[in-house]
Amino acid sequence: MANGHPRASGDAQHDRAGADPHGPDDFVQLLDPDGERVEHPDYSVDFTDEEYRGLYRDLIVVRKLDTEATALQRQGELGIWASLLGQEAAQVGSGRALRAQDMCFPTYREHGVLYCRGIDPIMPLSLFRGVDQGAWDPVAHKFSMYTIVIGAQTLHATGYAMGVALDGRIGGNGSGNGNGDEAVIAYFGDGASAQGDVNEAFVYASVFHAPIVFFCQNNQYAISEPLDRQTRVPLYRRAAGFGFPGVRVDGNDVLATYAVTRSALDHARHGQGPTLVEAYTYRMGAHTTSDDPTRYRIASEVESWQARDPILRMRRFLDKQGIAREDFFDEVDQEAAREAVHLRERVLTMPDPDPMTVFDHAYPNGSPEVDRERAQYAEYLASFAGEAH
Amino acid sequence: METLTIGKALNTGLRRALEDDPKVIIMGEDVGKLGGVFRITDGLQKDFGEDRVIDTPLAESGIVGTAIGLALRGYRPVCEIQFDGFVYPAYDQIVSQVAKFHYRSQGKVRLPMVIRIPFGGGIGAVEHHSESPEAYFSHTAGLKVVSCASPGDAYWMIQQSIASDDPIIFLEPKRRYWEKGPVETDGTPQSLHASRVVRPGSHATVVAYGPMVRTALDAATAAAEEGRELEVIDLRTLSPLDLEPVYASVRRTGRLVVVHEAPSNVGLGAEIAARVTEDCFYSLEAPVLRVTGFNVPYPAARLEEEYLPDLDRVLDAVDRSFGW
Numbered sequence: 223m224a225n226g227h228p229r230a231s232g233d234a235q236h237d238r239a240g241a242d243p244h245g246p247d248d249f250v251q252l253l254d255p256d257g258e259r260v261e262h263p264d265y266s267v268d269f270t271d272e273e274y275r276g277l278y279r280d281l282i283v284v285r286k287l288d289t290e291a292t293a294l295q296r297q298g299e300l301g302i303w304a305s306l307l308g309q310e311a312a313q314v315g316s317g318r319a320l321r322a323q324d325m326c327f328p329t330y331r332e333h334g335v336l337y338c339r340g341i342d343p344i345m346p347l348s349l350f351r352g353v354d355q356g357a358w359d360p361v362a363h364k365f366s367m368y369t370i371v372i373g374a375q376t377l378h379a380t381g382y383a384m385g386v387a388l389d390g391r392i393g394g395n396g397s398g399n400g401n402g403d404e405a406v407i408a409y410f411g412d413g414a415s416a417q418g419d420v421n422e423a424f425v426y427a428s429v430f431h432a433p434i435v436f437f438c439q440n441n442q443y444a445i446s447e448p449l450d451r452q453t454r455v456p457l458y459r460r461a462a463g464f465g466f467p468g469v470r471v472d473g474n475d476v477l478a479t480y481a482v483t484r485s486a487l488d489h490a491r492h493g494q495g496p497t498l499v500e501a502y503t504y505r506m507g508a509h510t511t512s513d514d515p516t517r518y519r520i521a522s523e524v525e526s527w528q529a530r531d532p533i534l535r536m537r538r539f540l541d542k543q544g545i546a547r548e549d550f551f552d553e554v555d556q557e558a559a560r561e562a563v564h565l566r567e568r569v570l571t572m573p574d575p576d577p578m579t580v581f582d583h584a585y586p587n588g589s590p591e592v593d594r595e596r597a598q599y600a601e602y603l604a605s606f607a608g609e610a611h
Numbered sequence: 108m109e110t111l112t113i114g115k116a117l118n119t120g121l122r123r124a125l126e127d128d129p130k131v132i133i134m135g136e137d138v139g140k141l142g143g144v145f146r147i148t149d150g151l152q153k154d155f156g157e158d159r160v161i162d163t164p165l166a167e168s169g170i171v172g173t174a175i176g177l178a179l180r181g182y183r184p185v186c187e188i189q190f191d192g193f194v195y196p197a198y199d200q201i202v203s204q205v206a207k208f209h210y211r212s213q214g215k216v217r218l219p220m221v222i223r224i225p226f227g228g229g230i231g232a233v234e235h236h237s238e239s240p241e242a243y244f245s246h247t248a249g250l251k252v253v254s255c256a257s258p259g260d261a262y263w264m265i266q267q268s269i270a271s272d273d274p275i276i277f278l279e280p281k282r283r284y285w286e287k288g289p290v291e292t293d294g295t296p297q298s299l300h301a302s303r304v305v306r307p308g309s310h311a312t313v314v315a316y317g318p319m320v321r322t323a324l325d326a327a328t329a330a331a332e333e334g335r336e337l338e339v340i341d342l343r344t345l346s347p348l349d350l351e352p353v354y355a356s357v358r359r360t361g362r363l364v365v366v367h368e369a370p371s372n373v374g375l376g377a378e379i380a381a382r383v384t385e386d387c388f389y390s391l392e393a394p395v396l397r398v399t400g401f402n403v404p405y406p407a408a409r410l411e412e413e414y415l416p417d418l419d420r421v422l423d424a425v426d427r428s429f430g431w
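If you read the protein sequences in the order shown, they are chains P and G.
Position in the first sequence (from 1) plus 222 gives the number in the working numbering.
Position in the second sequence (from 1) plus 107 gives the number in the working numbering.
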């Protein structure tokens, strides 16, 4: 359980990706790269051993499924894949910090958060295979659809949070200690921080005091452009200019990410307004499978971040603390492998959509224009009946 | 039966929508205390409170983007964009999100939103206050686009749009806001997505919508003095188009003139001409002619009378149709 409140830290240097092998000195860290627990004055976690093992399991499964998806793309089974490699802790930590009633607005890379929300991991694969456009039910899963236009979802999240406030679902109106109230989280990246929509979302969230957490995964790159093409100040410090707190967390530390996000979400649900969380992390893979990161970053930078791997440090921690042994690690690996095989089988047997479904759902109330085209196209297709292909 | 201006009819329609459904909210710039720069929301915040008539920050993408989130939460947002030329900052949210959520979700998500835009020229304004952006939105699958031209339609169409689960771009003929006409507040409205013959005639058909309906009607009155009976059709719905009444009319008259303020190039008139040619080819006595704004940016106010179609240009097109 996290305590304390998000805060804007003091002076912070403007750091370049990989410039400092140990990361910036102004982020919240509870678990260092060697797997040692670090104390922080404002944040802590109090997990049971079972919960610690659960987080490790999430990290392993999420990475394994992601690796499998990349392989499926390489084999021509997916059109494209946006890998989350390296960002597992940022996604599992924040995803598990959400309470059941909280609403989430993802980008197109939040496969780890999606997994934590209990959505079938096949869903994003059908999107990237081109079978659909990611059509899970956002309301039922409390997880909006993937949004591909950069930053657009931050406004949707802010509006949704304004609605939560209008509904009176913040500030102690929920059950018990107010933790039954609702909060909203909006995911975006360092590149999106330059978008007008994100800045407008900050303005709206601030003036309407909306119960929202802006969760920025700063993975250091917007495709090829490094952070210093988006900002000259640490991103979390931008929040101060909009009138709400910002906090930077070690995004490769699942414990710190959990603690900071849970605190910010509870801050929001308790009626104390928005928070910007900057999860400082690194995109270990390419932007997508269409990208070639060797054109814009050097191997030594990637290696320096490998030393800060989010899973490795968690494993070291569990090992050192005696929370888990080899047999547990083996068992999790096998379980992840089974899930990956299952996922692969389902991708390979995924049927293409029926051609006539192209006309479905353009309008809630339908349209005579679409109906006419549907009828004409059905007639056209029928004209080939009986012909050899 | 009441006599109201188009502006007051919209205001009354919005008031009824707020009364009928507690999920309806109005949001936009200056819509609260001021009642909007055209006073269309006059008095609504006073009666329904700041939570239901929301003055937003001055950021149009934010208005539409947050309205999407509110709609996901179960609200029915009615967004006001202050002027046509200020909708473009929201264009991405409208085209990439509002129009596509339902399709993307395979029908799981509905965004019952209305985006009101006062449109068109003729008010002597500075740049960006007189534009006709309807083709951008009509071209976008997933949006429905309507325009009212009379107080009666203003009163009913705004309520029908708010009650509809389709996302709707609602274009208001700003220079006609002060025109008065009868409103049957207890009547049964015509279908939202249906065009209507507003003046019957047998010699030629004139199709218009929004502010140009009045111009077309004036032209028909003038033509009648010269013995020509023009049938005037108010489209009312720009997407989807309801052209059956137009086809029926053209089959009788054999001549069609389409009038709009927007430039002709790739505009509504071009689409209508193509469809009428396809459906009424053997009935046409002349090609479909268009009377539109010029293919230039909207000019300075002292030139707008040249730019905007007027009675004489409509009659000139009718003459050309007969001279074919």
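Just so you know, even glycine gets a beta-carbon here, dropped at the ideal spot from N, CA and C.
Please read all numbers here as calculations on a predicted model, not as lab measurements.
Let me check one thing: in DSSP terms, what residues is Pro-577 of chain P bridge-paired to?
None; Pro-577 of chain P has no bridge partner.
Once DSSP output is grouped into helix, strand and coil, what is the label at Leu-348 of chain G?
strand
Hey, does Pro-590 of chain P have any beta-carbon neighbour from chain G nearer than 9 Å?
yes
So, with DSSP's three-state summary, where would you put His-509 of chain P?
Correct three-state label for His-509 of chain P: coil.
Cβ distance (whole Å) where Pro-255 of chain P is taken to contact Ala-529 of chain P below 8 Å
6 Å
Short check: CB of Leu-565 of chain P to CB of Leu-253 of chain P, under 9 Å?
no
Just list the alpha helix (DSSP H) runs in the segment 345–405 of chain G, keeping only unbroken ones of 4 residues or longer that don't cross its boundaries, in chain order.
Counting only runs of 4 or more, we get 351–360, 375–387.
Which residues share a DSSP beta bridge with Tyr-443 of chain P?
In DSSP, Tyr-443 of chain P forms a bridge with P:Pro-448.
Within 9 Å (strictly less), CB to CB, does Gly-374 of chain G reach chain P?
no
Cβ atoms of Asp-128 of chain G and Ala-270 of chain G: under 9 Å apart, would you say?
yes
Under 8 Å by Cβ, that's how I've got Thr-497 of chain P and Phe-464 of chain P pegged, so tell me the actual separation to the nearest angstrom.
Rounded, the Cβ-Cβ distance is 11 Å, inconsistent with contact.
Against chain P, does Gln-213 of chain G count as a neighbour if the rule is that its beta carbon must be under 9 Å from one of theirs?
yes
Hey, would you say Met-325 of chain P sits closer than 9 Å to Ile-445 of chain P, going by beta carbons?
For Met-325 of chain P and Ile-445 of chain P, no; Cβs fall outside 9 Å.
Tell me the residue span of the beta strand (DSSP E) that contains Pro-280 of chain G.
275–280
Does any residue of chain P have a CB that is nearer than 9 Å to the CB of Ile-132 of chain G?
yes
For Leu-281 of chain P, collect the residues of the same chain with a Cβ closer than 7 Å to its Cβ; drop the 5 residues on either side in sequence, then sort them by chain order.
Closer than 7 Å at Cβ, skipping near neighbours: Glu-310, Ala-311, Val-314, Val-476, Pro-532, Ile-533, Met-536.
On the premise that Ile-265 of chain G lies in contact with Ile-222 of chain G, defined as a C-beta separation below 8 Å, what is that separation, rounded to the nearest angstrom?
About 12 Å separates the two Cβ atoms, so there is no contact after all.
Beta carbon of Asp-552 of chain P, beta carbon of Ser-168 of chain G: below 9 Å?
no
Indicate whether at least one CB of chain G lies closer than 9 Å to the CB of Met-384 of chain P.
Contact with chain G is found for Met-384 of chain P, since one of that chain's Cβ atoms lies less than 9 Å from the residue's Cβ.
Using a Cβ-Cβ distance under 9 Å, would Met-345 of chain P count as near chain G?
Put simply, the CB of Met-345 of chain P is far from chain G, with every gap to its CB atoms at 9 Å or more.
DSSP-derived helix/strand/coil call for Lys-364 of chain P
coil
At 3 residues or longer, what runs of the beta strand (DSSP E) sit wholly inside the segment 210–267 of chain G?
221–226, 251–254
Looking only at its own chain, which residues have a Cβ that is under 7 Å from the Cβ of Val-194 of chain G, when we skip the five neighbours before and after it?
Glu-167, Ile-188, Ile-224, Pro-240
Whether or not the segment 228–244 of chain G and the segment 286–306 of chain G are in contact is what I'm after, with contact meaning three or more pairs of Cβ atoms, one per stretch, closer than 8 Å; do they touch?
no
Which one of P:His-378, P:Asp-389, P:Arg-459 has the shortest CA to CA distance from Ala-427 of chain P?
Among P:His-378, P:Asp-389, P:Arg-459, the Cα nearest to that of Ala-427 of chain P belongs to P:His-378.
For Pro-289 of chain G, which of helix, strand or coil comes out of DSSP?
strand
Short of 8 Å in beta carbon distance, which residues of its chain neighbour Ala-377 of chain G, apart from the five on each side in sequence? Order them along the chain.
So the list reads Ser-371, Arg-397, once near-sequence residues are dropped.
Jot down the residue ranges of each uninterrupted alpha helix (DSSP H) in the segment 242–317 of chain P, minimum 4 residues, whole runs only, in chain order.
271–296
Beta-carbon neighbours of Leu-388 of chain P, restricted to chain G and to distances below 7 Å:
The contacting residues are Asp-158.
By the criterion of Cβ-Cβ separation under 9 Å, what are the contact partners of Asp-354 of chain P in chain G?
Arg-211, Gln-213
Where Arg-189 of chain P falls: helix, strand or coil (DSSP)
Only positions 223 to 611 of chain P appear in the structure, and residue 189 of chain P is not among them; the question remains open.
Between Val-171 of chain G and chain P, is there a C-beta pair that is closer than 9 Å?
yes
Please list the terminal residues of the continuous beta strand (DSSP E) segment that includes Arg-351 of chain P.
No beta strand (DSSP E) holds Arg-351 of chain P; the alpha helix (DSSP H) holding it covers 344–351.
Does the Cβ of Thr-328 of chain G have 16 or more other Cβ atoms within 10 Å, making it buried, or fewer, making it exposed?
exposed
Which residue's Cα is closest to the Cα of Leu-250 of chain G: G:Gly-150, G:Gly-317, G:Ser-203?
The shortest Cα separation from Leu-250 of chain G among G:Gly-150, G:Gly-317, G:Ser-203 belongs to G:Ser-203.
Count the other C-beta atoms from every protein chain shown that fall within 10 angstroms of the C-beta of Thr-516 of chain P, then say buried if there are 16 or more, exposed otherwise.
The residue in question, Thr-516 of chain P, is exposed, as its Cβ has fewer than 16 Cβ neighbours within 10 Å.
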